[in-house]
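Asker: Shown below is the structure under consideration.
Numbering (our numbering), first residue to last: 1139 to 1212.
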């Protein structure tokens, strides 16, 4: 998960995206606006570590993928 905005200017953003693309497949790169993603990620972390019921289930060998869809409607 990559928090947007990326870098301080367009040149740095393009450079960082090139690095990400050289390491990961585009389908593995998740770009999210820092404002919209903050609360959601904090809630996921609280759910994961705040509830013993989920502790044994929320491990890499039990999770095939995570898909979060957030529609940014203006």
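Ideal placement from N, C-alpha and C gives every residue a C-beta, glycine not left out.
Remember, predicted model here, so these are calculated numbers, not experimental data.
Look up residue 1161 in the DSSP assignment and say whether it is helix, strand or coil.
Answerer: In this structure, residue 1161 counts as helix in the three-state DSSP scheme.
Asker: Going by C-alpha to C-alpha distance, which of 1174, 1200 and 1157 sits closest to residue 1142?
Answerer: 1174
Asker: Nearest-angstrom Cα distance between residue 1201 and residue 1179?
Answerer: 17 Å
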